[in-house]
Amino acid sequence: MEMTLRWFGKKFDSVTLEQIRQIPGVEGVITTLYDIPAGEVWPLERILKLQSEVNEIGLKISGIESVNIHDAIKTGDKSRDYYIDNYIETLKNLGESGIRMVCYNFMPVFDWTRSDLAKKREDGSTVLSYDQDIIDAIDPEKMFGAIEKKSNGFILPGWEPERLGKVKELFKQYREVDDEKLFHNLVYFLKAIRPVCEKYGIHMAIHPDDPAWPVFKLPRIVTGKESILRILKAVDSEFNGITLCTGSLGSKRENDICDIIKAAQGRIHFAHLRNIRHLSAGKFDEAAHLSRDGSLDMYAIVKTLYGSGFCGPVRPDHGRSIWGEKSMPGYGLYDRALGACYLNGLIEAAEKEESESV
Ligand code: DNO
Ligand code: MN
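Okay, structure coming up:
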C-alpha cells in the first residue's frame with residue numbers, strides 16, 4: 001500500500017508539500033486542480049505543472065481526488081454528452097501525464113454532508129459531526145451559508161462557491177431523478193469513459209455516499225455492499241472500481257467493512273482510512289484514526305485490505321482539529337499526520353504477520 005495525503009494545491013491548502021514530505025512513510029499526494037469547475041477540461045499543461053511542483057519536493061501524484069462530475073451527467077440532461085466528452089479529454093490528459101487513479105463521486109447536489117464542522121470533544125479537539133435531526137430541520141437551500149461560516153475561510157470540497165447561488169436550481173434539476181435513474185446515468189457515464197480508461201490503464205474509484213443514506217430526500221446509490229456490487233457488475237471491467245472510504249461506509253452500522261473489502265476484491269483502487277464514532281441512530285462524530293477512539297476496528301480493516309492483495313494508494317481521511325491549528329475542517333496537518341503514522345504501523349503489522357505465517 002502506498003501512504004499518501006490529500007493536498008488541495010498551493011493556493012487553497014494550509015498544509016505545504018514540504019510538510020507532507022516530512023511525515024514518515026508518506027510517498028505521494030492525492031491532489032486536484034481545485035479551481036477548475038466540474039465540467040471543464042483539465043488542460044495538459046496545468047496537470048504537468050502540478051506534477052512538477054509535487055515531484056520537485058520529492059513526492060509524486062498518487063492519484064486525483066476528485067475530477068468532479070457535472071450535474072448534467074448525474075441527472076442525464078441532454079447536454080450530458082458534451083460534459084462526458086470534456087471528462088474524457090481530462091482523463092486523456094491525466095493518462096498522458098502518467099496519472100492512473102481518479103476518485104470521483106456520484107452524489108446529487110451535495111458532496112459529503114455534516115451538521116457540524118467543529119464539534120467540541122472531551123479532549124478539547126473538534127471534529128466533524130452528523131446529526132440527522134439537525135439536518136432534517138435545515139432548509140437545504142440555506143445550507144451553504146451555514147457551512148461557509150464555520151469553514152475557517154477555506155473552500156470545502158464539493159461546496160465550492162460557484163455552486164452557492166445555484167442550490168435551488170440544482171434541486172429542481174434532480175426532481176425527476178430517483179435511485180434507478182441516477183444508477184443508469186452512472187452506467188451510461190462509465191460505458192462512455194471505458195475506452196479512454198482502458199487505453200491508459202486509468203482506475204476510476206467511485207467514492208461512497210457520505211453519509212451512506214439519503215440526505216434531503218435526494219437519491220443515493222453507493223451506500224453498501226449490495227449497491228457497490230451492482231455498480232461493479234454493471235460495467236464489469238477493472239477500470240470501474242471504488243474508493244473504500246471506511247468513514248462513509250462505516251456511517252451505516254449495518255455495513256460490514258471487511259465483508260465489503262472481500263466482496264469488492266480486485267476492484268478497490270483507493271482507500272480512505274478513518275474512524276467514526278456511532279452515537280444514536282442517524283448520528284455520528286468523526287474520531288481520531290485509532291481503533292479505540294471510535295466504532296471501527298481499524299486493524300481488522302487494514303489486515304483484510306492487505307490480505308485482499310490491495311496495493312494502491314491509501315490516505316488518512318478527515319482528522320480532528322488539534323493543537324490550535326487553523327485549517328480546512330477535517331484537513332489539517334497534525335491529526336492527519338498522526339493518522340498516517342498510526343496507519344503505517346497497522347500496515348507494517350499486517351505485512352509482517354502475513355510473511356511470518358507463510
Ligand atoms: C470529503 C471527501 C469528499 C470526497 C469526494 C470524492 O472530505 O471525502 O469530498 O473527496 O466525495 O469525490
Ligand atoms: Mn472519504
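If you count by full-length UniProt numbering, then the sequence shown holds residues 1 to 358, one letter each, in order.
All residues carry an ideal CB built from backbone N, CA and C; glycine is no exception.
All figures in this text were calculated on a predicted structure; none of them were measured in a lab.
Quick check: what's the CA-CA separation for residue i versus residue j?
i, j, result
"Thr32", "Gly63", "9 Å"
"Arg175", "Ala212", "20 Å"
"Val29", "Ile61", "5 Å"
"Ser321", "His184", "39 Å"
"Lys49", "Met107", "30 Å"
"Gly158", "Tyr306", "30 Å"
"Asp317", "Leu273", "6 Å"
"Ile202", "Ser125", "38 Å"
"His289", "Phe310", "20 Å"
"Leu296", "Arg80", "39 Å"
"Gly241", "Gln22", "31 Å"
"Met298", "Leu338", "14 Å"
"Glu40", "Ser52", "22 Å"
"Gly247", "Glu45", "35 Å"
"Thr90", "Glu122", "45 Å"
"Lys225", "Tyr34", "30 Å"
"Leu182", "Ile231", "11 Å"
"Lys78", "Trp323", "50 Å"
"Gly294", "Leu156", "24 Å"
"Ile69", "Tyr87", "8 Å"
"Leu343", "Cys197", "30 Å"
"Val215", "Thr113", "8 Å"
"Gly95", "Pro195", "12 Å"
"Leu218", "Glu351", "41 Å"
"Lys303", "Ile347", "7 Å"
"Lys120", "Asp131", "14 Å"
"Ser129", "Arg315", "20 Å"
"Val167", "Phe239", "32 Å"
"Val102", "Glu356", "34 Å"
"Met204", "Arg336", "24 Å"
"residue 411", "Gly9", "The chain is shown from 1 up to 358; residue 411 falls before or after that span and cannot be answered."
Using the rule of at least 16 other Cβ atoms within 10 Å of the residue's Cβ for burial, across every protein chain shown, is residue i buried or exposed?
i, result
"Ala281", "exposed"
"Glu353", "exposed"
"Leu279", "exposed"
"Glu286", "buried"
"Asn93", "buried"
"Gly165", "exposed"
"Lys233", "exposed"
"Pro37", "exposed"
"Asn105", "buried"
"Asp85", "exposed"
"Lys326", "exposed"
"Asp178", "exposed"
"Asp139", "exposed"
"Arg292", "exposed"
"Ile133", "In the sequence as presented, Ile is not what sits at residue 133; that position holds Asp. With fewer than 16 other Cβ atoms within 10 Å, it is exposed."
"Gly332", "buried"
"Pro208", "buried"
"Pro313", "buried"
Closest to residue i by C-alpha separation, out of the options, would be which residue?
i, options, result
"Lys142", "Gly201, Arg163, Asp81", "Arg163"
"Asp136", "Glu226, His269, Lys283", "Lys283"
"Glu18", "Ile57, Leu91, Ile36, Leu128", "Ile57"
"Phe189", "Glu226, Val235, Lys166, Ile138", "Val235"
"Ile193", "Pro161, Leu59, Cys245, Tyr82", "Tyr82"
"Ile260", "Leu333, Ile47, Ile228, Gly247", "Ile228"
"His269", "Leu333, Ile206, Thr223, Phe12", "Ile206"
"Ala264", "Thr243, Arg253, Arg277", "Thr243"
"Asn55", "Asp293, Lys172, Lys303, Gly98", "Gly98"
"Phe171", "Thr75, Ser308, Ser291, Glu351", "Thr75"
"Trp7", "Ser66, Gly25, Pro43, Pro24", "Ser66"
"Val15", "Ser357, Cys341, Tyr334, Ile276", "Tyr334"
"Ser169", "Arg315, Ile20, Val109, Ala271", "The residue asked about is misnamed: residue 169 is Glu in this sequence, not Ser. Nearest of Arg315, Ile20, Val109, Ala271 to Glu169, Cα basis: Val109."
"Ser308", "Glu356, Cys341, Ile257, Ile47", "Ile257"
"Asn255", "Phe154, Phe239, Asp210", "Asp210"
"residue 359", "Arg100, Lys10, Cys341, Met1", "For the chain, the structure presents residues 1 to 358; residue 359 sits outside this window and is missing."
* Completely contained beta strand (DSSP E) runs for the stretch 204–277, where each covers 3 or more residues -> 240–245, 268–273
* **Residues passing the C-beta test against the ligand MN heavy atoms, cut-off 7 Å** => His207, Asp210, Thr243, Cys245, Gly247, Ser248, His272, Asp317
* Could you tell me which uninterrupted alpha helix (DSSP H) segments, each at least 4 residues in length, are contained entirely in the stretch 75–159, listed from first to last along the chain? => 80–96, 132–136, 143–149
* Write down every uninterrupted run of the beta strand (DSSP E) in the stretch 312–345 whose length is 3 residues or greater and which is fully enclosed by it, in chain order. => 313–316
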